[in-house]
Amino acid sequence: MLVEQGWSAVTHVAVAARSGVGRSTLYRHWPDASGLVRDVIAQRISTARPPLTGVLRDDLVHQLDGLRGLLHDPVSDRGLRAVIERAGVDPVFARLKEDLYRHGSQDFRTILDAARARGELPADLDVDLAVDQLAGPLMYRRLLAGRPITEEYVQRVVQDFLAAHALPADGHGTPADAHPLVP
């Protein structure tokens, strides 16, 4: 409904009619329509998360590839746009946007913290900034520029991040994972 008709179409009455679930059940689980949107997007975020491998480059590529898929999914794309649009004027959506950010960035934080603990990234790495440096280009490219995100683009973002932040792996100044993925 969000994709077909926009945010204003997502009401308890309309969702009940479309899904066959009673309105009272919907109200019991989601007292307001923003909760419906939050849970749909959160569910899509969860399904876009691959298992972590403990290999920094691979985990970052897989996480960004999951984000790429999420941003190309019509329901997630439209939902994220609606949340971002309304967050500036509606405190419910501002909280929703913050919840989605925390939920969506958690695996990135886990990967980055583990890499810091293993000595692959600097101990004083600003994790918030690192998440922005990794996810930000994809969000900008898709949500603002309206451009597609390719697998090669994802690999380039990771390559550039590691080139800037990875610590030497061989003691000779060669950053960990320095081999290029994209020519």
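Here our numbering runs 843 ahead of the position in the sequence shown, where the first position is 1. Don't be surprised by glycine CBs; every beta carbon is placed ideally from N, CA and C. Note that the structure is predicted; figures quoted are calculated from it, not measured.
Given 8 Å, three or more beta-carbon pairs between the stretch 1001 to 1012 and the stretch 899 to 911: The stretch 1001 to 1012 vs the stretch 899 to 911: in contact.
Could you work out which residue in His915, Leu981 and Ala930 is closest to Leu943 when comparing CA atoms only? Of the listed residues, the one whose Cα sits closest to Leu943 is Ala930.
Can you tell me whether Glu963 is buried or exposed? The criterion is at least 16 other CB atoms within 10 Å of its CB, across all chains shown. Buried, since its Cβ has 16 or more Cβ neighbours within 10 Å.
Please determine, among Gly979, Pro980, Asp956 and Leu981, the residue with the shortest C-alpha to C-alpha distance to Asp969. Considering only alpha carbons, the answer is Asp956.
Ala1006 to Arg900, Cα distance in whole Å? The alpha-carbon atoms of Ala1006 and Arg900 are separated by roughly 11 Å.
Taking a contact to mean a Cβ-Cβ separation below 8 Å, would you say Leu972 touches Arg881 in this structure? No. Outside cutoff.
Straight-line Cα distance separating Gly947 from Arg990: Between Arg990 and Gly947, the alpha-carbon positions lie close to 21 Å from each other.
Could you tell me whether the stretch 885 to 896 touches the stretch 852 to 864, using the rule of 3 or more Cβ pairs below 8 Å? The stretch 885 to 896 vs the stretch 852 to 864: no contact.
Whole runs of the alpha helix (DSSP H) within the stretch 945 to 993, excluding any shorter than 4 residues: Counting whole runs of 4 or more residues, the stretch 945 to 993 contains the alpha helix (DSSP H) stretches 970 to 982.
Looking at the secondary structure, which residues open and close the alpha helix (DSSP H) in which Pro917 lies? Pro917 to Ala930 is the extent of the alpha helix (DSSP H) around Pro917.
Does DSSP classify Pro1011 as helix, strand or coil? Under the three-state reduction of DSSP, Pro1011 is assigned to strand.
Starting from Ser867, follow the alpha helix (DSSP H) in both directions and report where the run begins and ends. Boundaries of the alpha helix (DSSP H) around Ser867: Arg866 to His872.
Exposure of Ala966, with buried meaning 16 or more beta-carbon neighbours within 10 Å: Within a 10 Å sphere around the beta-carbon of Ala966 sit fewer than 16 other beta-carbons, which makes this residue exposed.
Straight-line CA distance for Asp920 to Arg911? Here the C-alpha atom of Asp920 lies approximately 10 Å from the C-alpha atom of Arg911.
Helix or strand or just coil, what does DSSP make of Leu895? It is coil, neither helix nor strand.
Since Ser862 is in the alpha helix (DSSP H), which residue starts that stretch and which ends it? Following the DSSP letters along the chain, one finds Ser862 inside the alpha helix (DSSP H) bounded by residues His855 to Ser862.
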